[in-house]
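Notes follow the structure.
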Amino acid sequence: MLEVRGLRKVYGGHGRTVEAVRDLTFELKAGELACLVGPSGCGKTTLLKCIAGLLAPTSGEVSVHGQRVAGPPADMAVVFQEYGRSLYPWMTVGANVELPLKEKRLVRARRRQLVTDSLAAVGLHDVENAYPWQLSGGMQQRVAIARALAYEPQVLLMDEPFAAVDAQTRADLEDLVRSVWQRFGITLLFVTHDIDEAVYLGERVIVLSASPTVVQHQVTVDLPTERDQLATRSLARFAELRAEIYQQIHQAKAASTADRLAAEALA
Amino acid sequence: MTWLLRRATSLAFIVGLPLVVFVALWFGTAGSTNFYLPSMQVIMDSLASDWLGSRLGDDVLPSLARLAMGYLLAAVLGVGLGVLVGLSRPVRQVLEPVLEFFRAIPPPVLVPVLILFAGIGTTMKVFVIASGAVWPILLNSVEGVRAVDPVQLDTARCYRFSRRALLRRVVLPAASPQIFAGLRQALSIAIILMVISEMFAATNGLGFAIVQLQRSFAIPEMWAGIVVLGLLGFVLSILFRFVEDRVLAWHRGLRRAERS
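Listed in order, the protein sequences are those of chains E and D.
Per the UniProt record's numbering, the first sequence starts with residue 1, numbered consecutively.
Per the UniProt record's numbering, the second sequence starts with residue 1, numbered consecutively.
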């Protein structure tokens, strides 16, 4: 469904090149929910932008449905971390959700229905005529998710969407992501730096190394499908998985530090 | 209720001081015997009889028409060019020094030049007004477009907005606070240039009439003309504020939300 093969991204310019992503290969099956974790600064956002078709990789390729991604694909939506900057403050919530549907040339009745349904699906009622800045951060991110859902994508990318909301809201939104994923049957790639969140949400966790990034490790999350903030997080298996991933990330960081030290010693 | 109260207070502030100044002038100049400084009452009399009479159609309306045309031309050119320049870094790099040069030329100096090309009619005045008023609009539009949030643009790309929608729904609204700042500066420049262009060479208009009145020693009428100009600027700026408040209501709300 979503394939990333040999992806490499080097930022160049001014005689200095930075290899953000070295060699990434992984695959998401249709309807899968996978989480991507990695140490901070490991090129997660670069990777996500390449998958979304916002950034051209230096080499390697991304394909959706076997079709190579050259620009933003038609059946993909992205939820950005910066909800406050991704929603348009000059439009009401309803207009924000509806605009991509207009661009998709859907008829009015269908648009209205999708807007109402998707806002209801994220637990928002009676906010259609409010402006995004009149809502709390958590509610704004719900609007951004509703906008993505209304677009009826087959693939949904989420780039650390809950990094800027408080803990309680975050737990609610995590459950929301699980429930809409189950209900809409979309393929979901969720990028986070939070190991707990990755284990709690994902069916699979892809662990990235430190920059220059490769896939360090993959873990299948064999937790029950129905997840619960309290019960799931207190399972012994949850703790094991978390420890395993934590160790991997720790190793990744240590390896990159050792590399850097070695390089500095040589230089 | 508090909203109503705030509105009433702000209205009181807008009208209050001018009223005080007017009353002070009225009594301060009452019984003035200075030929060049007639009493407020005499000035108001000639305002009512002369300026609100035949001069309204002969001088005020032609001036307003020139102002409107020049300002509109400046707005269309300024925003249009500004968006083009703002969206493209190469275009910006090539044009910026040239724009800075042209901007540095004081527009009144264009009056004699434009008379050569466009005569002394309305066309010349419209061009003079536009050539001065266009700069703040253009430069602010460029800055506004340049400062559009990259996340807003990425979002638009992800949802595959057409170029038209990207411009109309994202870039222009995002830049609109800055564009309006330019439009506001341009309004006062346009009024100044309207008067100056009419003082140079014209057969009617506010600037022309005031110079004529001064030369024929019709002093109260001259003062009344200046009052008309002041009122015109005042009314236009209130109109501008009214439009801006509506178009940028979202922006004020956003600012308030960010502050709290």
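Ideal Cβ placement from N, Cα and C applies to all residues, glycine included.
Predicted, not measured: the structure shown is a model, and the values here were computed from it.
Use the C-beta contact count for residue i: other C-beta atoms within 10 angstroms, 16 or more gives buried, fewer gives exposed.
i                        : result
threonine 187 of chain E : buried
aspartate 226 of chain E : Correcting the residue type first, residue 226 of chain E is glutamate in the shown sequence and not aspartate. Classification for glutamate 226 of chain E: exposed.
aspartate 154 of chain D : buried
aspartate 166 of chain E : exposed
residue 276 of chain E   : The requested residue 276 of chain E is not part of the displayed model; chain E covers only 1 to 267.
glycine 80 of chain D    : exposed
serine 140 of chain E    : The amino acid occupying residue 140 of chain E in the given sequence is glutamine; serine does not appear at that position. Buried, since its Cβ has 16 or more Cβ neighbours within 10 Å.
serine 197 of chain D    : buried
glycine 38 of chain E    : buried
glycine 43 of chain E    : buried
threonine 192 of chain E : buried
glutamine 168 of chain E : exposed
Return the residue from the list the options that minimises the CA-CA distance to residue i.
i                            : options                                : result
alanine 165 of chain D       : E:Ser40, E:Glu98, E:Glu19, E:Phe26     : E:Glu98
methionine 158 of chain E    : E:Val107, E:Gly71, E:Glu82             : E:Glu82
glutamine 216 of chain E     : E:Arg227, E:Leu189, E:Arg233, E:Ser256 : E:Ser256
glycine 70 of chain D        : D:Leu114, D:Phe22, D:Gly132            : D:Gly132
proline 153 of chain E       : D:Val142, D:Gly144, D:Arg160           : D:Arg160
leucine 241 of chain E       : E:Ala258, E:Lys9, E:Glu203, E:Ser209   : E:Glu203
tryptophan 181 of chain E    : E:Ala231, E:Gly137, E:Val155, E:Tyr88  : E:Val155
phenylalanine 184 of chain E : E:Leu2, E:Gly53, E:Ala146, E:Ala210    : E:Ala146
alanine 95 of chain E        : E:Ala144, E:Ala210, E:Tyr11, E:Gly138  : E:Ala144
alanine 104 of chain D       : D:Gln93, D:Leu114, D:Val134            : D:Val134
glutamate 27 of chain E      : E:Leu2, E:Asp222, E:Tyr11              : E:Leu2
alanine 30 of chain E        : E:Val64, E:Ala52, E:Leu24              : E:Val64
proline 150 of chain D       : E:Lys102, E:Tyr11, E:Leu87, E:Gly66    : E:Leu87
valine 207 of chain E        : E:Phe238, E:Ala164, E:Ala239, E:Ile245 : E:Ile245
valine 10 of chain E         : E:Thr46, E:Ser40, E:Leu33              : E:Thr46
Rounded to the nearest angstrom, what separates residue i and residue j at their Cα positions?
i                         : j                            : result
leucine 95 of chain D     : leucine 110 of chain D       : 21 Å
tryptophan 223 of chain D : isoleucine 43 of chain D     : 6 Å
threonine 2 of chain D    : proline 224 of chain E       : 54 Å
isoleucine 191 of chain D : aspartate 172 of chain E     : 57 Å
residue 281 of chain E    : threonine 232 of chain E     : Outside the displayed range of chain E (1 to 267) lies residue 281 of chain E, so it cannot be described from this structure.
residue 268 of chain E    : alanine 130 of chain E       : In the structure as shown, chain E begins at 1 and stops at 267. Residue 268 of chain E is therefore absent and cannot be evaluated.
leucine 235 of chain E    : valine 93 of chain E         : 39 Å
leucine 183 of chain D    : glycine 84 of chain E        : 27 Å
methionine 76 of chain E  : cysteine 158 of chain D      : 8 Å
lysine 49 of chain E      : alanine 65 of chain D        : 52 Å
arginine 260 of chain E   : arginine 22 of chain E       : 16 Å
isoleucine 189 of chain D : glutamate 160 of chain E     : 48 Å
isoleucine 249 of chain E : valine 98 of chain D         : 54 Å
leucine 229 of chain D    : isoleucine 210 of chain D    : 10 Å
tryptophan 250 of chain D : alanine 257 of chain D       : 10 Å
arginine 215 of chain D   : methionine 199 of chain D    : 12 Å
glutamate 143 of chain D  : leucine 84 of chain D        : 11 Å
alanine 20 of chain E     : glycine 82 of chain D        : 35 Å
alanine 109 of chain E    : valine 243 of chain D        : 32 Å
glycine 205 of chain D    : phenylalanine 180 of chain D : 28 Å
Measuring only from the beta carbon, is residue i closer than 7 Å to any heavy atom that is part of the ligand MN?
i                        : result
glutamate 264 of chain E : By its list of ligands, the structure shown contains no ligand whatsoever, and the ligand MN lies outside what it can speak to.
What residue ranges within the segment 14 to 71 of chain D form continuous alpha helix (DSSP H) runs of no fewer than 4 residues, ordered along the chain? 40 to 46
If you measure beta-carbon to beta-carbon, which residues of the segment 149 to 183 of chain D are closer than 8 Å to chain E? Asp149, Val151, Gln152, Asp154, Thr155, Arg157, Cys158, Tyr159, Arg160, Phe161, Ser162, Ala165, Arg169, Val170, Pro173, Ala174, Ser176
Select from the segment 81 to 103 of chain E all residues with a C-beta closer than 7 Å to any C-beta belonging to chain D, and list them in chain order. Glu82, Arg85, Ser86, Tyr88, Pro89, Trp90, Leu99, Pro100, Glu103
Give the residues from the segment 242 to 258 of chain D that approach chain E closer than 8 Å (Cβ to any Cβ), ordered along the chain. Trp250, His251, Gly253, Leu254, Ala257, Glu258
Completely contained alpha helix (DSSP H) runs for the segment 115 to 160 of chain E, where each covers 4 or more residues: 137 to 150
Quick check on the DSSP output: what are the complete alpha helix (DSSP H) runs of length 4 or more inside the segment 98 to 183 of chain D, in order along the chain? 110 to 118, 122 to 146, 150 to 158
Against chain D, which members of the segment 58 to 80 of chain E pass a CB distance test of less than 7 Å? Pro72, Ala74, Ala77, Val78, Phe80
Mind checking the segment 124 to 143 of chain E against chain D and listing, in chain order, the residues whose C-beta falls within less than 8 Å of any C-beta there? Tyr131, Trp133, Gln134
Segments of 4+ residues assigned as alpha helix (DSSP H) that fall wholly inside the segment 178 to 256 of chain D: 206 to 215, 219 to 247
I'd like the ranges of any alpha helix (DSSP H) spanning at least 4 consecutive residues and lying wholly in the segment 8 to 76 of chain E. 44 to 51
Interface positions of the segment 44 to 55 of chain E facing chain D (Cβ-Cβ less than 7 Å), listed along the chain: Ala52, Leu54
Report the residues of the segment 143 to 159 of chain E with a CB closer than 7 Å to any CB of chain D, ordered along the chain. Tyr151
Beta strand (DSSP E) segments (min. 3 residues) lying fully within the segment 174 to 207 of chain E: 187 to 192
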